Amino acid sequence: MADTQTPELDKAYGSQHDGKWQAAWDKAQVSKPEVSYAHHLKNGTAATGQDPFSILMPPPNVTGVLHQGHALMLALEDTLIRWQRMKGVETLYLPGTDHASIAVNMQVVKHLAAKGVNHRDLGREGFIEECWKWIEDYRPRIFAQMKSMGISADWSRVKFTMDPDLNKGVENAFVELHKKGLIYREQKLVNWSPIGQTVLSDLEVIFKEQKGHIWHLKYPLADDPSKFLIVATTRPETMLGDSAVAVNPKDERYKSWVGKKIKLPILGREIPIVADDYVDPEFGTGAVKITPAHDFNDFEVGARHNLPKLNIFTPDAKIIVGLEGKAASWAGLDRFDARKAVVEEFKTLGLLEKIEEHNNRVGTSERWGEVVEPYLSHQWFLKMDSMAARAKKYVEDGEIEIVPHEFHNQFLRWMENIHDWCVSRQLWWGQQIPAYHCQKTGEIKVSLEAPKDDAKHTWTRDPDVLDTWFSSAIWPLTTLGWPDENAKDLEKFYPTSVLETGFDILFFWVARMVMMSSEFTGKVPFKKVYMHPMVRDEHGDKMSKTKGNVIDPLEIVKEFGADALRLTLNALCVQGRDMRLSNERLDFYRAFINKVWNATRFALMNDKGSTDALWMSRPKQLKHLHDEWIMAKLDNASREVDKAWSEFRMQEAVDVLYHFIWSDFCDWYLECAKATREDSDKVVKFVLGEILKLMHPLCPHATEELWAGMPGVQDGDLVALKSFPQGGGFPNPTVFAEFKFFQEAITAIRNLKAEAKLSPSKKINAKLSGAQKMSQDVFDKCRDTIMLIAKLESFELGDLDKSIPGTRVPVTAVEAGISVEIVVPIAELKDLEEEKLRLQKEIEVTEKLVMAQDAKLSNENFVKRAPPELVDKERVKKEEFLDKAQKLKKALADLA
RNA sequence: AGUCCCUUAGCUCAGUUGGUUAGAGCACCUCCCUUACAAGGAGGGGGCCCACGGUUCGAGUCCGUGAGGGACUACCA
Numbered sequence: 086m087a088d089t090q091t092p093e094l095d096k097a098y099g100s101q102h103d104g105k106w107q108a109a110w111d112k113a114q115v116s117k118p119e120v121s122y123a124h125h126l127k128n129g130t131a132a133t134g135q136d137p138f139s140i141l142m143p144p145p146n147v148t149g150v151l152h153q154g155h156a157l158m159l160a161l162e163d164t165l166i167r168w169q170r171m172k173g174v175e176t177l178y179l180p181g182t183d184h185a186s187i188a189v190n191m192q193v194v195k196h197l198a199a200k201g202v203n204h205r206d207l208g209r210e211g212f213i214e215e216c217w218k219w220i221e222d223y224r225p226r227i228f229a230q231m232k233s234m235g236i237s238a239d240w241s242r243v244k245f246t247m248d249p250d251l252n253k254g255v256e257n258a259f260v261e262l263h264k265k266g267l268i269y270r271e272q273k274l275v276n277w278s279p280i281g282q283t284v285l286s287d288l289e290v291i292f293k294e295q296k297g298h299i300w301h302l303k304y305p306l307a308d309d310p311s312k313f314l315i316v317a318t319t320r321p322e323t324m325l326g327d328s329a330v331a332v333n334p335k336d337e338r339y340k341s342w343v344g345k346k347i348k349l350p351i352l353g354r355e356i357p358i359v360a361d362d363y364v365d366p367e368f369g370t371g372a373v374k375i376t377p378a379h380d381f382n383d384f385e386v387g388a389r390h391n392l393p394k395l396n397i398f399t400p401d402a403k404i405i406v407g408l409e410g411k412a413a414s415w416a417g418l419d420r421f422d423a424r425k426a427v428v429e430e431f432k433t434l435g436l437l438e439k440i441e442e443h444n445n446r447v448g449t450s451e452r453w454g455e456v457v458e459p460y461l462s463h464q465w466f467l468k469m470d471s472m473a474a475r476a477k478k479y480v481e482d483g484e485i486e487i488v489p490h491e492f493h494n495q496f497l498r499w500m501e502n503i504h505d506w507c508v509s510r511q512l513w514w515g516q517q518i519p520a521y522h523c524q525k526t527g528e529i530k531v532s533l534e535a536p537k538d539d540a541k542h543t544w545t546r547d548p549d550v551l552d553t554w555f556s557s558a559i560w561p562l563t564t565l566g567w568p569d570e571n572a573k574d575l576e577k578f579y580p581t582s583v584l585e586t587g588f589d590i591l592f593f594w595v596a597r598m599v600m601m602s603s604e605f606t607g608k609v610p611f612k613k614v615y616m617h618p619m620v621r622d623e624h625g626d627k628m629s630k631t632k633g634n635v636i637d638p639l640e641i642v643k644e645f646g647a648d649a650l651r652l653t654l655n656a657l658c659v660q661g662r663d664m665r666l667s668n669e670r671l672d673f674y675r676a677f678i679n680k681v682w683n684a685t686r687f688a689l690m691n692d693k694g695s696t697d698a699l700w701m702s703r704p705k706q707l708k709h710l711h712d713e714w715i716m717a718k719l720d721n722a723s724r725e726v727d728k729a730w731s732e733f734r735m736q737e738a739v740d741v742l743y744h745f746i747w748s749d750f751c752d753w754y755l756e757c758a759k760a761t762r763e764d765s766d767k768v769v770k771f772v773l774g775e776i777l778k779l780m781h782p783l784c785p786h787a788t789e790e791l792w793a794g795m796p797g798v799q800d801g802d803l804v805a806l807k808s809f810p811q812g813g814g815f816p817n818p819t820v821f822a823e824f825k826f827f828q829e830a831i832t833a834i835r836n837l838k839a840e841a842k843l844s845p846s847k848k849i850n851a852k853l854s855g856a857q858k859m860s861q862d863v864f865d866k867c868r869d870t871i872m873l874i875a876k877l878e879s880f881e882l883g884d885l886d887k888s889i890p891g892t893r894v895p896v897t898a899v900e901a902g903i904s905v906e907i908v909v910p911i912a913e914l915k916d917l918e919e920e921k922l923r924l925q926k927e928i929e930v931t932e933k934l935v936m937a938q939d940a941k942l943s944n945e946n947f948v949k950r951a952p953p954e955l956v957d958k959e960r961v962k963k964e965e966f967l968d969k970a971q972k973l974k975k976a977l978a979d980l981a
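In structure tokens form, the structure reads like this:
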């Protein structure tokens, strides 16, 4: 064995070595599936005959800054990835970033404006050049931030949604979908952002509660201006685009009005009164002005009645040139000023009936925050119905499993109510739509290559770009090499194993990936969807810059270390509930890492210079009860962690490890091992080594640092490439019951000392009575250890010597065949009365338990109908309680 | 308006197909700086598991109703 220098471990855990290990993983190419899998194959630890495991990282905005949501995503994904890799599975974690068309476009426009440059003056090419500059400035930052979390992503495969090959994939997808007739161009009413001057998808519109008004306006009848209908509206300015007034056909009040005409005030234009079921006679006045070009419902009504769609706004929501009457002078007026002008005019004309207070929800743009204008325009749409039906079926049939299950129904419901997706955007930054218009003929061609001009045609490319989410929807394809269907990664890693992300993009992204990726492959893009919760602050509030309660993950990494952050995020991650992150929690989990740290220091304390790699092989000889027990516990913990992760129960995995390491290993086992030092040395080292492996997916840096400190570990020998503990077998089937006796005996003696106000370190004499119920073998396996830990002067096995009065502590473990009393001579006790009280109290508690068991067991129905093994268990319990109660009573009687 | 989630110790929360005396951390009380760790150890107090009803031998867990809190989707001119 090479003579490796065992570095001295720091006194406490700190994150100062994180960078060293990130470099070591890079050097060993741990995250390259080919490399790590080859390593496992060589060592005989590969999981053969199993599908590869792959996660595609949800690409953050390339110009973004890592936030807590990203940190959570990276922590969870990398935990799963490292766990699978250690299990010997061929594992791919593919990182990437998103071009974030609309967000980056906006940032760069703002950035230019700050320099006094109007982006439109640069022209398309010039602007895009600026965008690339901006991105090159930011891209290294987010990469560095992601890497600081210690993720083991394969950076040799890193992707950007605007990489040339991904662009090719996107254009190919668009052309293919068009060929299939799923993409079409149409003039429709869309959500329009007057500030961004682009269309938005339904999902990019945020509804906000706003205090507003309802104006009741009088609309005079054309042939008799003394008569009028009163319409109620929240947007009086849109009356300039009215093309009808609608009433309910069943409404008796207005029956005679249908078919007549209204002469619109201000404009003087005449519009018909139509009957339509859409109108609710109960609401407002029962008469509704219809503006097909500026309201989604009115658009529908207008279509049914063949009404003209009269647009009144310019793209930046100002009154157009060319309106009739007084409105002609309002050209260029902003929509909100136009509202005032219209109301003022109605007042002047004596046609304003009244104004009511009204709270309504108005759609605002996600990006710019201004009120979205329903606007008539030509856009590209993607037909959703057939793709949605297929996506729905995948989920219904369980081909895609959504965790937590609550999102299952939400997903299906959305698939049922989906509208066609408007995929074009009037922006420059993004993937330009591969469509060409002929100015002369008005023809449109969709193709990868620009069509050649000829005598009849002059082609220009469609200026619009695609919605960011269009390229994201085929992320599982393009990152793996599609449209090359023979691409190696596509063949090997598609469908991917898990799609891990936040529920806020379930519809934006997850649903669209399912629909679109399967459209081209006929296969689901991933088998499981795991939606993580939202990270909130310690008070349960959403983190936001304006509130100033943002906990910056980068600051946390600096202050607590990446491992503490990863561990904490995992520990707080339960299904179906948001998590509250706080410094208190981070402190707590950092302390946990420190515990592992110090346990390792303890184990290595007397090992300086040793090169015996004791932790590498499973000890065969277990001399003491606690040795057997900790090995069995280790196996249990390994299996439980494995199961928890396979079900995305992230908190449970941490919980299992916490209890196993802190309570079982440190509090009980290591204390025992101090008594049986050489005998237990192999076990201590082995279990510790396994603990480092179990903890590695959560705390990769600290576990590597500790591992490297183990004697005999050679340079470049990484935990990251070790085999994940599988759990062996139970050498002794009654080990838990026996150890239960062990623990209870010690606890009872400690308890006795505390109640008797004896110092814990005061050594007392004790005897074990009821020897016939306990095998000499078990006693031998734990006698010395009990003495040491419980601080006993003497501890013998034998019958109670009646001549020595004393108090007794019953300890029973029926399953192990143990029913004994620990006898402490009366001379050891300071206060006899206290002891009597203690016994009295315990008798009461125990008798209550006996009664509860009696009640259960005397219930005929229970005995008859419950599973027999359960009834047996209850009987055993009763026996235990009864035994204990009797002994306690005898003990009390002896003291009296 | 519809759908879904939550309500368990003073606080923050676990509690997988119903089945040990309902758990943990923090906080609190007592004791211990015992040579891995005071970011530690030992012991202790603290719970009609929101309410009512139902199913069951058995309910924190399943069903119904109600109260309080939250999320999402849709939306009335």
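Quick note, the first sequence lines up with residues 86 to 981 if you use this note's numbering.
For every residue, glycine included, the Cβ atom is placed at its ideal position computed from N, Cα and C.
A quick note: this is a predicted structure, and the numbers were derived from the prediction, not measured.
Problem - Which listed residue (Leu141, Gln114, Glu215 and Trp106) has its alpha carbon closest to that of Asp574 - result: Leu141
Exercise for the section: Would you give the residue range spanned by the beta strand (DSSP E) that Pro895 belongs to? Expected result: Gly891 to Ala898
Practice task
Might you give, ordered along the chain, the residues of its own chain that have their beta carbon closer than 6 Å to the beta carbon of Glu451, omitting 5 neighbours on each side?
Solution key: Taken in chain order, the residues that qualify are Glu289 and Ile291.
Exercise for the section: Return the chain-ordered list of same chain residues with a C-beta closer than 7 Å to the C-beta of Phe673, the five sequence neighbours on each side being excluded. Expected result: none
Practice task
On a CA-only basis, which of Ala656, Leu666 and Ser667 is nearest Ile678? Give me that one, please.
Solution key: With distances taken between CA atoms, Ile678 lies nearest to Ala656 out of Ala656, Leu666 and Ser667.
Handout entry: With 16 other Cβ atoms within 10 Å as the buried cut-off, status of Met690
Key = Residue environment: Met690 is assigned as exposed (fewer than 16 neighbouring CB atoms within 10 Å of its CB, all protein chains considered).
Practice task
Pick helix, strand or coil for Asn668, following the three-state DSSP scheme.
Solution key: helix
Practice task
Would you decide whether Lys963 is buried or exposed? Buried here means 16 or more other CB atoms lie within 10 Å of its CB.
Solution key: buried
Practice task
Would you check if the distance between the CB atom of Lys346 and the CB atom of Glu355 is smaller than 8 Å?
Solution key: For the 8 Å CB-CB criterion, Lys346 and Glu355 form a contact.
Problem - Exposure of Phe368, with buried meaning 16 or more beta-carbon neighbours within 10 Å - result: exposed
Problem - Distance, Val316 Cα to Asn391 Cα - result: 21 Å
Handout entry: For Tyr754, the three-state DSSP class (helix, strand or coil)
Key = helix
Exercise for the section: Note down, in chain order, each residue of its chain lying with its Cβ closer than 8 Å to the Cβ of Gln861, except the 5 sequence neighbours on either side. Expected result: Leu882
Problem - Given Met600 as reference, the closest of Asn944, Trp560 and Ser509 once Cα atoms are compared - result: Ranking Asn944, Trp560 and Ser509 by CA distance to the CA of Met600 puts Trp560 first.
Problem - When Trp110, Lys96, Ala131 and Lys112 are compared against Gln811, the one with the closest alpha-carbon - result: For the residues Trp110, Lys96, Ala131 and Lys112, the minimum Cα distance to Gln811 belongs to Ala131.
Exercise for the section: Please report how far the alpha carbon of Lys47 lies from the alpha carbon of Lys921, in whole angstroms. Expected result: The shown model of the chain, from 86 to 981, leaves out residue 47, and the question about it has no answer.
Practice task
Compute the Euclidean distance between the alpha carbons of Lys264 and Asn257, then round it to the nearest angstrom.
Solution key: In this structure, the CA atom of Lys264 is about 11 Å from the CA atom of Asn257.
Exercise for the section: Could you please give me the residues that DSSP links to Asp419 through a beta bridge? Expected result: Lys403
Handout entry: Exposure of Gln295, with buried meaning 16 or more beta-carbon neighbours within 10 Å
Key = exposed
Problem - Among Thr148, His617, Gly387 and Met628, nearest to Ser667 - alpha-carbon criterion - result: Met628
Practice task
Count the other CB atoms, across all protein chains shown, that sit within 10 Å of the CB of Lys933; report buried if there are 16 or more and exposed otherwise.
Solution key: exposed
Practice task
Determine the DSSP secondary structure at Pro810, reduced to helix, strand or coil.
Solution key: Pro810: coil per DSSP, three-state reduction.
Exercise for the section: Verify whether the separation of the beta carbon atoms of Leu467 and Ala412 is less than 8 Å. Expected result: Contact: no.
Exercise for the section: Pick helix, strand or coil for Trp792, following the three-state DSSP scheme. Expected result: In the structure shown, Trp792 sits in a helix (DSSP, three-state: H, G or I).
Problem - Ordered list of alpha helix (DSSP H) runs contained in the stretch 943–967, each at least 4 residues - result: Taking only runs of at least 4 residues, the alpha helix (DSSP H) segments lying wholly in the stretch 943–967 are 945–950.
Practice task
Could you spell out the range, first to last residue, of the beta strand (DSSP E) harbouring Asn444?
Solution key: Leu437 to Ser450
Exercise for the section: Report buried or exposed for Leu671, applying the criterion of at least 16 other Cβ atoms within 10 angstroms of its Cβ. Expected result: buried
Exercise for the section: Measure from the alpha carbon of Glu441 to the alpha carbon of each residue in Asn276, Cys507 and Thr318, then state which is nearest. Expected result: Thr318
Exercise for the section: Return helix, strand or coil for Val457, following the three-state DSSP convention. Expected result: Of the three classes helix, strand and coil, the one that applies to Val457 here is coil, per DSSP.
Practice task
Decide if Leu803 is buried, meaning its Cβ has at least 16 other Cβ atoms within 10 Å, or exposed.
Solution key: With 16 or more other Cβ atoms within 10 Å, it is buried.
Exercise for the section: Taking Gly387 as part of the alpha helix (DSSP H), name the residues at either end of that continuous run. Expected result: Phe381 to His390
Handout entry: Closest residue to Val255 among Leu349, Ser471, Leu551 and Glu430 (Cα-Cα distance)
Key = Leu551
Exercise for the section: Report yes if the CB atom of Pro310 is closer than 8 Å to the CB atom of Leu434, and no otherwise. Expected result: No, they are not a contact pair.
Problem - Contact between the stretch 553–568 and the stretch 240–250 (3+ Cβ pairs under 8 Å) - result: yes
Handout entry: Assigned exposure category for Pro180 - 16 Cβ within 10 Å defines buried
Key = buried
Practice task
Take Phe750 as the anchor and find which of Ser765, Gln736 and Glu737 has the nearest alpha-carbon.
Solution key: Nearest to Phe750 by C-alpha distance, out of Ser765, Gln736 and Glu737, is Ser765.
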